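In our numbering, the protein residues as written are 22 to 514. Here the structure is laid out as structure tokens; the discussion comes afterwards.
Below you can see the structure in the form of structure tokens.
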């Protein structure tokens, strides 16, 4: 299923006639397309080919460049232009390039970057190489192929982006979206914002994904139908699915946000709160392609600190380290008491250790203990903080986070559209409530609009060394999103 119309090339189709495009292109564009990266030579018709191969009897010049498989077969490398690599590197951005811009309008190829390809000439918008396709498909507003979608995800996974280090990943994704025709800009905190034209302050729909990950590098690799990498599930898979569905549908009135800092206090989501007031919102988090997430538990981070004079291990009295264990035990008992009679995990107060650090200079012992509390709906957070301070028994205690649990309504037009889209793809939709926390906890209460979370992947793999995503599920989630976007109110570009 595609939201696109007929895009066949030639005078009778909706696409670009390559011969006419070449004839009408200005001289500087033709010179650009004839540029020779090192290691390539020209074929009989002036088309650059691999030195160990010969040019086919047909397909040189603009026609060869505009027809994906032939061009991709002859132009190796990941450096850029028409020879964009299959791993998502290259293209206009080039692997490892810093972010050289703050805003870019649709159709603006941007400055020349590292690599041989440079920018895409604006007079020939439909060129192979979009989203790291290996030259396998068109760009500049044409549909995103499945191969290109996988290339986009692989390329984004290859840009390691723990919270606070998202810039390279943002630059890569901005380059790809811009080459497909979206207007992109990067805001003051580093969020990437994309839309068809200027992003409206009150969009019909806001797609909120996050581009940061937890720390821990995982080698990006494909094993069978699984793609491994940090963020494959949480949540670059959902972000790439959002991107591909939006480009395929060319849906007007939709804003895509790749937020930074979701894994670090929701920095990006908090920054966009006053800027946008969407009519509906979708959060990019793993739900499985048949799942619809309607709620997340809240979160409270507790930092406990105690310093005491150093003493001998045989001395009477509890040491600083022993008192840390006592505090942890008290909080565990508190959570059990407040969860008594609650059968579902979503209704219970859960406690998990974050860290414990001990240090001593021989005169004073210092212990730091961190705990994360997952908060159920309806819990009085301030009363809970009072109980925790009482349990600290003289130690210093501070709090971070404090996001409250949030559950979105089920009976909304947005939910109904997703139910239909999942069923249309042969799935059996199911609702989910998550014991973790997401940007839905930040924006849901503030915006008060219909909202849900959706994305491919198994959330049990979040933050694990085995994080991976099944590629058939990733592609199916794009089709679900495509159907949902098509059926939601609003026009197309």
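Note that beta-carbon positions come from the ideal geometry of N, C-alpha and C, so glycine has one too. Just so it is clear, the structure is predicted and the values come from calculations on it, not from any experiment.
Straight-line Cα distance separating residue 215 from residue 198: For the purposes of this step, residue 198 is taken as the residue at position 177 of the chain shown. For the purposes of this step, residue 215 is taken as the residue at position 194 of the chain shown. Computed Cα separation, rounded: 8 Å.
Boundaries (first-last residue) of the beta strand (DSSP E) holding residue 214: Taking the first residue of the chain shown as position 1, residue 214 is located at position 193. Residues 213-216.
Exposed unless 16 or more other CB atoms sit within 10 angstroms - verdict on residue 285: Start at 1 with the first residue of the chain shown, and residue 285 comes out as number 264. With fewer than 16 other Cβ atoms within 10 Å, it is exposed.
Residue 441 versus residue 406 - alpha carbon distance: As a working mapping, residue 441 is identified with position 420 in the chain shown. As a working mapping, residue 406 is identified with position 385 in the chain shown. Cα-Cα distance, rounded: 43 Å.
Where the alpha helix (DSSP H) through residue 292 begins and ends: Counting from one through the chain shown, the residue named residue 292 turns up at place 271. Element bounds for residue 292: 288-293.
Backbone secondary structure at residue 311 - three-state DSSP: Taking the chain shown and counting its residues from 1, one reaches residue 311 at position 290. Three-state DSSP puts residue 311 in coil, outside helix and strand.
Cβ pair residue 251, residue 488 closer than 8 Å: By 1-based counting over the chain shown, the position of residue 251 is 230. By 1-based counting over the chain shown, the position of residue 488 is 467. In contact: residue 251 and residue 488 (Cβ atoms closer than 8 Å).
Alpha-carbon spacing of residue 311 relative to residue 242, whole angstroms: Working through the chain shown from its first residue, we reach residue 311 at position 290. Working through the chain shown from its first residue, we reach residue 242 at position 221. So the two alpha carbons sit approximately 25 Å from each other.
Whole runs of the alpha helix (DSSP H) within the stretch 420-468, excluding any shorter than 4 residues: 434-445 and 461-468
Per-residue DSSP class, three states only, for residue 493: The residue you call residue 493 lines up with position 472 of the chain shown. In this structure, residue 493 counts as helix in the three-state DSSP scheme.
Anticipated Cβ contact below 8 Å, residue 414 with residue 283, distance rounded: On the chain shown, residue 414 is found 393 positions in, with the first residue counted as 1. On the chain shown, residue 283 is found 262 positions in, with the first residue counted as 1. Rounded, the Cβ-Cβ distance is 35 Å, inconsistent with contact.
Residue 199 - DSSP class collapsed to helix/strand/coil: Along the chain shown, one-based indexing puts residue 199 at 178. In the structure shown, residue 199 sits in a helix (DSSP, three-state: H, G or I).
Option nearest residue 392 by Cα separation, candidates 357, 345 and 438: For this step, residue 392 is matched to residue 371 along the chain shown. Comparing Cα-Cα distances from residue 392 to each of 357, 345 and 438, the minimum goes to 345.
Unbroken beta strand (DSSP E) run spanning residue 340, endpoints: Counting from 1 along the chain shown, the entry for residue 340 is found at position 319. Careful: residue 340 lies outside any beta strand (DSSP E) and carries neither H nor E.
Residue 314 versus 428, 267, 174 and 168, residue with shortest Cα-Cα distance: Position 293 of the chain shown, counted from the start, is the residue given in the question as residue 314. Cα-wise, what sits closest to residue 314 is 428.
Spatial distance of residue 516 from residue 231 (CA atoms): With the chain represented from 22 up to 514, any question about residue 516 goes unanswered, as that position is not in the structure.
Where residue 380 sits in the DSSP three-state scheme: Counted from its first residue, the chain shown places residue 380 at position 359. The answer is strand: DSSP assigns residue 380 an E or B state.
Buried/exposed call for residue 380, threshold 16 Cβ in 10 Å: Within the chain shown, the letter at position 359 stands for residue 380. With fewer than 16 Cβ atoms within 10 Å of its Cβ, residue 380 is classed as exposed.
Where residue 275 sits in the DSSP three-state scheme: Counted from its first residue, the chain shown places residue 275 at position 254. Residue state, collapsed to three classes: strand.
Coil, strand or helix - residue 227 by DSSP: For the purposes of this step, residue 227 is identified with residue 206 of the chain shown, where counting begins at 1. Here residue 227 sits in strand by DSSP.
Backbone secondary structure at residue 239 - three-state DSSP: For the purposes of this step, residue 239 is identified with residue 218 of the chain shown, where counting begins at 1. The answer is coil: DSSP assigns residue 239 none of H, G, I, E or B.
Buried versus exposed, by CB contacts within 10 Å (16 or more), residue 399: In the chain shown, the residue the question calls residue 399 occupies position 378. Exposed.
Same chain only: Cβ atoms within 7 Å of residue 423, ignoring 5 sequence neighbours per side: The residue given as residue 423 occupies position 402 in the chain shown. Hits under 7 Å: 321 and 402.
Sequence-distant residues of the same chain with beta carbon closer than 7 Å to residue 434, five excluded per side: One-based indexing of the chain shown puts residue 434 at position 413. So the list reads 471, once near-sequence residues are dropped.
Three-state secondary structure assigned by DSSP to residue 250: Looking up residue 250 in the chain shown gives position 229. Residue 250 falls in the coil class under three-state DSSP.
Integer-rounded CB distance, given that residue 266 should sit under 8 Å from residue 307: Along the chain shown, read from residue 1 onward, the residue named residue 307 stands at position 286. Along the chain shown, read from residue 1 onward, the residue named residue 266 stands at position 245. The Cβ separation is near 16 Å, so there is no contact.
Spatial distance of residue 502 from residue 208 (CA atoms): As a working note, residue 502 is residue 481 in the chain shown. As a working note, residue 208 is residue 187 in the chain shown. Each residue's Cα considered, the two are about 26 Å apart.
Straight-line gap, residue 515 to residue 318 (C-alpha atoms, nearest Å): As shown, the chain starts at 22 and ends at 514. That puts residue 515 outside it, with no answer to give.
Which of helix, strand or coil DSSP assigns to residue 281: Taking the chain shown and counting its residues from 1, the one referred to as residue 281 is at position 260. DSSP places residue 281 in coil when its eight states are reduced to three.
Reduced DSSP category for residue 407 - H, G, I as helix; E, B as strand; rest coil: Position 386 of the chain shown, counted from the start, is the residue given in the question as residue 407. Correct three-state label for residue 407: helix.
Sequence-distant residues of the same chain with beta carbon closer than 8 Å to residue 177, five excluded per side: Translated into the one-based positions of the chain shown, residue 177 becomes position 156. Taken in chain order, the residues that qualify are 109, 190, 193, 194, 232, 252, 257, 260 and 261.
Rounded distance between the beta-carbons of residue 499 and residue 170, thought under 8 Å: Here residue 170 refers to the residue found at position 149 when the chain shown is read from its first residue. Here residue 499 refers to the residue found at position 478 when the chain shown is read from its first residue. Residue 170 to residue 499, Cβ: 6 Å. Contact.
For residue 349, the three-state DSSP class (helix, strand or coil): Against the chain shown, residue 349 aligns to sequence position 328. Residue 349: helix per DSSP, three-state reduction.
Close beta carbons around residue 187, own chain, < 7 Å, minus the five adjacent residues each side: The residue you call residue 187 lines up with position 166 of the chain shown. Same-chain partners within the cutoff: 211, 232, 233 and 281.
Residue 508, DSSP secondary structure in three states: Within the chain shown, the letter at position 487 stands for residue 508. Helix, per DSSP.
Cβ pair residue 221, residue 289 closer than 8 Å: If you number the chain shown from 1, residue 221 lands on position 200. If you number the chain shown from 1, residue 289 lands on position 268. No, Cβ-Cβ distance for residue 221 and residue 289 is not below 8 Å.
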